[in-house]
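Worksheet for the structure shown next.
Numbering (the numbering used here), first residue to last: -19 to 270.
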């Protein structure tokens, strides 16, 4: 596998290949505020529904011409299913990120096995950075979310430095750590259009996004924490995958003229992740070439 086999330069170019991991060993653990709240409500994971929902997602991706690739699930890695965090496809090659929590650190070995050593462009070595905080918005524009927890200042600076060397515009978005990752409160759905928890992000960050020509569709705090309402996956060509239970958000997306693919994913969202967390895009059509 060559270093440039996988490529993305945006969150919204036509998606052709994606990395997933089957939820064979998935469980809700008290590692984020959403999962903690679920457990405190005495929520019970339905493993049959969990497997069915994952299969529904895989089928939905395939029906939209996306080839699914899979990590090998490993026992003792309950959140390996959230493949967004452990690596990051870039225009320059694959980056292996640096996971923070002890139960996730072991995921790196399977990631390296999947990609192969000669396909890894860079490995993050400073602080911590996880893929859920990384948004390659479009060619020349990238942001990283920082809470000081899952992604810290050192991890963000190292990663963004590689893009700055290539002449990209970069920005750090800071927000409270109980939101876990940036993709809990912000996600691109189409070129220059994003879902955003506008009552969470700082006004200066909202103004910066708008100055980049990005229109923000508002998602409420309750929709973020109850439904993972921002945690969606753009497929390109005005298509987006958004969970069925995010009813108001999905209506809003359809009102914008987007085609919404809506598998049920509530067994995952109650654990603090949804479709954006569960997918690492491996190849998208370049927006620079369109």
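C-beta: ideal position from N, C-alpha, C; glycine also.
Proximity below 7 Å, CB of residue i to CB of residue j
{"i": "residue 74", "j": "residue 101", "result": "yes"}
{"i": "residue 106", "j": "residue 144", "result": "no"}
{"i": "residue 90", "j": "residue 52", "result": "yes"}
{"i": "residue 233", "j": "residue 44", "result": "no"}
{"i": "residue 196", "j": "residue 174", "result": "yes"}
{"i": "residue 33", "j": "residue 192", "result": "no"}
{"i": "residue 273", "j": "residue 18", "result": "Limits of the chain in this structure are -19 at one end and 270 at the other, which puts residue 273 out of reach."}
{"i": "residue 123", "j": "residue 148", "result": "no"}
{"i": "residue 223", "j": "residue 36", "result": "no"}
{"i": "residue 11", "j": "residue 81", "result": "yes"}
{"i": "residue 159", "j": "residue 210", "result": "no"}
{"i": "residue 96", "j": "residue 250", "result": "no"}
Supposed close pair residue i, residue j - CB separation, criterion 8 Å
{"i": "residue -11", "j": "residue 267", "result": "6 Å"}
{"i": "residue 2", "j": "residue 72", "result": "At roughly 29 Å, the Cβ-Cβ gap does not stay under 8 Å, so residue 2 and residue 72 are not in contact."}
{"i": "residue 125", "j": "residue 153", "result": "5 Å"}
{"i": "residue 254", "j": "residue 205", "result": "At roughly 12 Å, the Cβ-Cβ gap does not stay under 8 Å, so residue 254 and residue 205 are not in contact."}
{"i": "residue 109", "j": "residue 136", "result": "6 Å"}
{"i": "residue 221", "j": "residue 212", "result": "6 Å"}
{"i": "residue 200", "j": "residue 157", "result": "Contact doesn't hold; Cβ gap of about 20 Å is too wide."}
{"i": "residue -15", "j": "residue 99", "result": "6 Å"}
{"i": "residue 69", "j": "residue -4", "result": "About 12 Å; that fails the 8 Å criterion."}
{"i": "residue 170", "j": "residue 238", "result": "6 Å"}
Minimum C-alpha distance to residue i - residue among the options
{"i": "residue 67", "options": "114, 264 and 48", "result": "114"}
{"i": "residue 245", "options": "11, 62, 133 and -15", "result": "62"}
{"i": "residue 198", "options": "6, 58 and 168", "result": "168"}
{"i": "residue 84", "options": "98, 92 and 57", "result": "57"}
{"i": "residue 235", "options": "190, 219, 249 and 10", "result": "219"}
{"i": "residue 265", "options": "186, 118, 252 and 178", "result": "118"}
{"i": "residue 93", "options": "133, 170, 54 and 177", "result": "54"}
{"i": "residue 164", "options": "14, 5, -15 and -13", "result": "14"}
{"i": "residue 79", "options": "4, 59, 188 and 97", "result": "59"}
{"i": "residue -13", "options": "27, 116 and 38", "result": "116"}
{"i": "residue 41", "options": "-2, 29, 161 and 162", "result": "-2"}
Range of the contiguous alpha helix (DSSP H) that encloses residue i
{"i": "residue 216", "result": "That residue, residue 216, is in no alpha helix (DSSP H); its beta strand (DSSP E) goes 213 to 216."}
{"i": "residue 18", "result": "13 to 20"}
{"i": "residue 84", "result": "82 to 85"}
{"i": "residue 240", "result": "Taken as a continuous stretch (DSSP letters only), residue 240 belongs to no alpha helix (DSSP H), being part of the beta strand (DSSP E) at 239 to 241."}
{"i": "residue 39", "result": "27 to 43"}
{"i": "residue 228", "result": "227 to 235"}
{"i": "residue 118", "result": "That residue, residue 118, is in no alpha helix (DSSP H); its beta strand (DSSP E) goes 114 to 118."}
{"i": "residue 272", "result": "In the structure as shown, the chain begins at -19 and stops at 270. Residue 272 is therefore absent and cannot be evaluated."}
{"i": "residue 134", "result": "133 to 145"}
Which residues DSSP lists as bridging residue i, in chain order
{"i": "residue 50", "result": "0"}
{"i": "residue 176", "result": "166 and 198"}
{"i": "residue 68", "result": "75"}
{"i": "residue 265", "result": "Answer by DSSP bridge pairing: none, since residue 265 is not bridged."}
{"i": "residue 152", "result": "124"}
{"i": "residue 260", "result": "-1"}
{"i": "residue -13", "result": "263"}
{"i": "residue 109", "result": "78"}
Terminal residues of the beta strand (DSSP E) in which residue i lies
{"i": "residue 102", "result": "100 to 103"}
{"i": "residue 121", "result": "121 to 126"}
{"i": "residue 219", "result": "219 to 221"}
Residue i beta carbon near the ligand GTP (any heavy atom closer than 6 Å)
{"i": "residue 131", "result": "For the ligand GTP, the structure offers nothing, since it holds no ligand at all."}
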